[in-house]
Amino acid sequence: MEGAGLHERRQPARPSGGEEAYLKECWPLVENALADAHIKASLDLIEGSMSVCTTKKTFDPFAIMRARDLIKLLARSVPFEQAVRILQDDVACDIIKVGTLVRNRERFVKRRQRLIGPKGSTLKALELLTNCYVMVQGNTVSALGPHGGLKEVRKVVMDTMKNIHPIYNIKTLMIKRELAKDPDLRSQSWERFLPKFKHKNLAKRKEPKKKSVKKEYTPFPPSLPESKVDKELASGEFFLRESVKRRKKMEEIKVKQTEALTKKQEERNKAFIPPKEKPLPKKTHKAPSEGKLDIEALKDKVKRAKSKKLGAPPVSAAPGGSAGKKNKKKHKG
1 MEGAGLHERR
11 QPARPSGGEE
21 AYLKECWPLV
31 ENALADAHIK
41 ASLDLIEGSM
51 SVCTTKKTFD
61 PFAIMRARDL
71 IKLLARSVPF
81 EQAVRILQDD
91 VACDIIKVGT
101 LVRNRERFVK
111 RRQRLIGPKG
121 STLKALELLT
131 NCYVMVQGNT
141 VSALGPHGGL
151 KEVRKVVMDT
161 MKNIHPIYNI
171 KTLMIKRELA
181 KDPDLRSQSW
191 ERFLPKFKHK
201 NLAKRKEPKK
211 KSVKKEYTPF
221 PPSLPESKVD
231 KELASGEFFL
241 RESVKRRKKM
251 EEIKVKQTEA
261 LTKKQEERNK
271 AFIPPKEKPL
281 PKKTHKAPSE
291 GKLDIEALKD
301 KVKRAKSKKL
311 GAPPVSAAPG
321 GSAGKKNKKK
331 HKG
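Numbered by the UniProt record's numbering, the letters in the sequence shown go through residues 1 to 333 in order.
Rendered as structure tokens:
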């Protein structure tokens with residue numbers, strides 16, 4: 001590597017005032033950290049770029065790659081205390097670009113906020129379960145930690161951008177963490193313990209009332225409809241004389257006229273046809289049995305009423321009436 005002159009350069013977008021001041025303040029620490037691996041670092045505030053390159057004393061060929069990742073993390077607002085961990089052997093970094101995964105900007109902002117969670121709780125839980133440092137900045141997500149944890153972080157971030165809530169993946173990670181403590185389950189499959197979350201699409205599309213059925217594809221074009229001449233040739237009218245053709249047409253016209261006249265006559269005669277009347281139901285008045293008058297009772301009632309009148313003879317004196325008449329006749333005699 002001596003004299004190879006390997007060179008890595010990172011030129012991010014123009015940093016803001018706060019980021020530029022922070023980089024200027026912590027740049028001596030960056031140079032000291034890279035000096036142990038004999039890597040030279042330079043910061044150009046006018047151009048707004050950071051660059052690293054090897055020197056003649058550089059002995060580790062992979063040191064330049066780690067130095068490149070260091071300035072990448074610094075350019076994405078990762079603090080120096082976390083970014084300097086990339087120089088360790090068992091630490092790696094992953095920069096996930098999420099800006100192009102969702103087209104709608106408002107939807108992208110909501111899903112990114114869902115990844116962070118209320119007051120950063122979701123992101124903190126993800127960091128504790130994966131032993132990684134995760135930084136969400138702009139259109140990228142920077143992760144720093146062991147290789148196994150970075151794999152899980154990438155899965156969670158990609159699923160969140162695909163509208164799958166991160167709580168599902170966090171639950172699976174918690175179950176895996178508990179299962180890993182049991183030495184008997186290390187050699188077994190964990191599929192039976194892990195929850196299976198299915199994406200249910202509740203809002204189903206309504207099926208149309210009229211379904212258009214596609215016809216079977218045929219490479220041959222449809223047959224042309226028969227023309228008037230073809231029909232005459234098939235029936236033999238084409239070879240008849242003009243006079244016979246006229247006579248035949250006149251007969252057809254007369255037949256049509258007679259049919260039309262009969263239809264009109266039938267419609268006119270409909271007005272003179274009397275409608276069928278429904279037969280009247282026979283009314284049978286049955287005298288109620290309770291309404292029968294008792295004549296004898298009425299007679300007795302009338303007699304009693306007469307006897308109550310003043311000056312009326314008593315009812316019991318009725319039989320003696322005939323004797324009185326006989327006496328009168330005797331006096332006359």
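Think of the CB as a built atom: it goes at the ideal place given N, C-alpha and C, for glycine as much as any other residue. Computed from a predicted structure; not experimentally measured.
Delimiting residues of the beta strand (DSSP E) encompassing residue i
i, result
"Q137", "133-137"
Simplified DSSP state of residue i, which is helix, strand or coil
i, result
"D69", "helix"
"K196", "coil"
"I95", "strand"
"V141", "strand"
"A125", "helix"
"H165", "coil"
"D159", "helix"
"F220", "coil"
"F272", "coil"
"G236", "coil"
"C282", "Before going further, note that residue 282 is Lys rather than Cys in the sequence given. Note: K282 maps to coil in three-state DSSP."
"D300", "helix"
"R103", "coil"
"N208", "Correcting the residue identity first, residue 208 is Pro in this sequence and not Asn. DSSP places P208 in coil when its eight states are reduced to three."
"V119", "It should be pointed out that residue 119 corresponds to Lys in this sequence rather than to Val. K119: helix per DSSP, three-state reduction."
"K308", "coil"
"D230", "helix"
"K181", "coil"
"E277", "coil"
Proximal residues to residue i (C-beta, below 7 Å), its chain only, five neighbours per side dropped
i, result
"Y217", "none"
"K156", "According to the sequence shown, residue 156 is Val rather than Lys. Correct list, in chain order: L126, P166, N169."
"G236", "none"
"Q82", "Y133, L144"
"L177", "Before going further, note that residue 177 is Arg rather than Leu in the sequence given. Taken in chain order, the residues that qualify are L129."
Burial state of residue i (16 or more Cβ within 10 Å)
i, result
"M50", "buried"
"R268", "exposed"
"G3", "Note on G3: pLDDT 37, under 50, position unreliable in the model; the coordinate value appears next. Result: exposed."
"V244", "exposed"
"L261", "exposed"
"L280", "exposed"
"G145", "buried"
"S223", "exposed"
"M250", "exposed"
"L128", "exposed"
"V109", "exposed"
"I86", "buried"
"E259", "exposed"
"V98", "buried"
"T58", "buried"
"E106", "exposed"
"A75", "buried"
"K45", "As written in the sequence, residue 45 is Leu, which differs from the Lys given in the question. By the 10 Å Cβ count, L45 comes out exposed."
Chain-order list of residues whose beta-carbon lies under 6 Å from that of residue i (same chain, five-residue window excluded)
i, result
"G149", "T130, N131, C132"
"A67", "L34, I39, V52"
"E232", "F238"
"L173", "L129"
Delimiting residues of the alpha helix (DSSP H) encompassing residue i
i, result
"S189", "Where S189 is concerned, there is no enclosing alpha helix (DSSP H), given that its DSSP letter is neither H nor E."
"I86", "Unbroken run through I86: none, as it is neither H nor E."
"R76", "Neither: R76 is in no alpha helix (DSSP H) and is coded neither H nor E."
"K241", "Contrary to the premise, residue 241 reads as Arg rather than Lys in this sequence. Looking at the DSSP string, R241 is not in any alpha helix (DSSP H), and its letter there is neither H nor E."
"residue 344", "Past the edges of the chain, shown from 1 to 333, lies residue 344, and the structure says nothing about it."
Proximal residues to residue i (C-beta, below 8 Å), its chain only, five neighbours per side dropped
i, result
"P195", "Y168, K171, T172, I175"
"I116", "T122, L123, V136"
"R114", "T122, T160, H165, P166"
Minimum Cβ-Cβ distance from residue i to chain D less than 8 Å
i, result
"I96", "Chain labels in this structure do not include chain D; a single protein chain is all it has."
- Task: Could you tell me which uninterrupted alpha helix (DSSP H) segments, each at least 4 residues in length, are contained entirely in the region 8-61, listed from first to last along the chain?
- Result: 17-35
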